[in-house]
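Below is one structure, written out as structure tokens; the observations come after it.
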Amino acid sequence: MSLQSEEPLVSVITLNWNGKRHLKECLVSLKKQTYKNLEVILVDNGSTDGSVDYIRDNFGDFVKLIENKTNLGFAEGNNIGIKNSSGKYILLLNNDTKADPLWVEELVKVAESGDKIGMCASKVLSFGNPKTIDNVGHLIYKDGLNRGRGRLEYDQGQYDNIEEVFFPSGCAALYRKKMLNEIGQFDKDFFAYSDDTDIGIRGRLAGWKCMYVPRAIVYHKYSDSTSPYALFKAFHAERNRLWIAIKYFPLPVLLCNPYYTVLRMLPILILSREYVS
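What the sequence shown shows, in the UniProt record's numbering, is residues 1 to 277, in sequence order.
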């Protein structure tokens, strides 16, 4: 029996919406993975920039292409990929990323080390400045906002140990299919933003663990979107933050939500005022 046949099948799902400019770097990095028992699923959310033709012409023999007629959002787009996957593990990878060749291998190695490991978080670094941390797992504030652990810190090896974290960023995450079958997939009502928070909390409440894997490295072009979508992002981020708080927080914490929001935002407001003046 070959080593490859002994490796569990891994389904990598990349969601795309008008991200043709990112696809080559992302998909080539998946081709270079040391872990070979992969199926790569590209879910296109109704792109109009020629993404579908580009994928067919350049990666048609490498990816399983699923075409949605419209933009169904991050949550439902990935759900469709999950429904069409066959792997023991589901790996989500944003289209505006580049994965280190060991990315899949290192995630699977840690996931296989414990039956109750339902999620794994990657070490996500800035694409343009690889010594700057994007996130090393995610945290959640008392007002429902999630934030990348280590966000914007200089990478000096301070997050180089395998350890348990709250939940992974959906831009580069591993989910055990067994966990998803138990707790359900992404909540499509979130559409985008905080959907990874919701599924992470559901997994933790069901008794699954999330491990951070420092050698599973991904480089991310954080928030690579143009100004017309800034309002869209702000609306969904704030709406979904409130949904998280209402859905999961005990009443005393929920009643203090405005207070915690002010505490979180006050330093930003002060800095903004100083900058303007």
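Glycine included, C-beta positions come from ideal geometry on N, C-alpha and C.
Task: Start and end residues, beta strand (DSSP E) containing THR14 - done: Stepping through the sequence shown from its first residue, residue 14 is reached at position 14. 10-16 is the span of the beta strand (DSSP E), which, as asked, contains THR14.
Open item on the list: Please list the terminal residues of the continuous beta strand (DSSP E) segment that includes ILE41.
Closed with: As a first step, residue 41 is located in the sequence shown; it is residue number 41 there, counting from the start. Unbroken beta strand (DSSP E) run through ILE41: 38-45.
Task: Simplified DSSP state of LYS83, which is helix, strand or coil - done: Within the sequence shown, residue 83 is the residue found at index 83, counting from 1. In the structure shown, LYS83 falls within a helical segment according to DSSP collapsed to helix, strand and coil.
Open item on the list: If I follow the unbroken beta strand (DSSP E) through SER126, where does it start and stop?
Closed with: Along the sequence shown, read from residue 1 onward, the residue named residue 126 stands at position 126. For SER126, the enclosing beta strand (DSSP E) stretches over residues 117-126.
Task: Unbroken stretches of the alpha helix (DSSP H), 4 residues or longer, contained in the segment 173-210 - done: Restricted to the segment 173-210, the alpha helix (DSSP H) segments that are unbroken, complete and at least 4 residues in length are 177-183 and 195-205, listed in chain order.
Open item on the list: If the criterion is Cβ atoms closer than 8 angstroms, does the pair VAL12 and ILE55 meet it?
Closed with: What you label residue 12 is simply residue 12 of the sequence shown in a count that begins at 1. What you label residue 55 is simply residue 55 of the sequence shown in a count that begins at 1. The answer is no: Cβ separation not under 8 angstroms.
- [ ] Using alpha carbons as the reference points, say which of THR34, PRO214, ARG239 and ILE244 lies closest to ILE199.
- [x] To locate residue 199, count along the sequence shown from 1; it is residue 199. The option with the nearest alpha carbon to ILE199 is ILE244.
Task: VAL213 and ILE133 closer than 8 angstroms at C-beta - done: Position 213 of the sequence shown, counted from the start, is the residue given in the question as residue 213. Position 133 of the sequence shown, counted from the start, is the residue given in the question as residue 133. Going by C-beta atoms, VAL213 is not nearer than 8 angstroms to ILE133.
Task: Three-state secondary structure (DSSP) of ASP224 - done: Locating residue 224 in the sequence shown gives position 224, counting from the first residue. Reliability fails at ASP224, whose pLDDT of 48 lies under 50, so the model's placement of it is uncertain and the value that follows must be treated cautiously. Collapsing the DSSP output to three states places ASP224 in coil.
Open item on the list: Among PHE62, LEU107 and ILE82, whose alpha-carbon lies nearest the alpha-carbon of LYS24?
Closed with: Reading the sequence shown from its first residue, position 24 is the one you call residue 24. Considering only alpha carbons, the answer is PHE62.
Open item on the list: Distance check for LEU91 and GLY128, CA to CA, integer angstroms please.
Closed with: If you number the sequence shown from 1, residue 128 lands on position 128. If you number the sequence shown from 1, residue 91 lands on position 91. Going from the Cα of GLY128 to the Cα of LEU91 covers about 23 angstroms.
Task: Three-state secondary structure (DSSP) of LYS20 - done: Here residue 20 is taken as the residue at index 20 of the sequence shown, counted from 1. Three-state DSSP puts LYS20 in a helix.
Open item on the list: Give me the residue from LYS83, PHE74 and LEU107 with the minimum Cα distance to PRO8.
Closed with: In the sequence shown, counting from the first residue as 1, residue 8 sits at position 8. Minimum Cα distance to PRO8 is reached at LEU107.
Open item on the list: For the structure I just gave you, are there three or more beta carbon pairs, one from the segment 195-209 and one from the segment 96-113, closer than 8 angstroms?
Closed with: No: fewer than three Cβ pairs fall under 8 angstroms.
Open item on the list: I'd like the span of the beta strand (DSSP E) that includes ILE55, first residue to last.
Closed with: Here the question's residue 55 lines up with position 55 in the sequence shown. Careful: ILE55 lies outside any beta strand (DSSP E), inside the alpha helix (DSSP H) at 51-59.
Task: Selected residue, minimal CA-CA separation from LEU30, among LYS88, PHE59, GLU76 and ASP49 - done: Residue 30 sits at position 30 when you count from the first residue of the sequence shown. Ranking LYS88, PHE59, GLU76 and ASP49 by Cα distance to LEU30 puts PHE59 first.
- [ ] In the DSSP assignment, find the unbroken beta strand (DSSP E) run with VAL63 in it and report its ends.
- [x] For the purposes of this step, residue 63 is taken as the residue at position 63 of the sequence shown. Note, VAL63: beta strand (DSSP E), 63-68.
Task: Collapsed DSSP secondary structure at ASN78 in the structure displayed - done: Counting from one through the sequence shown, the residue named residue 78 turns up at place 78. In the three-state reduction of the DSSP assignment, ASN78 falls in the helix class.
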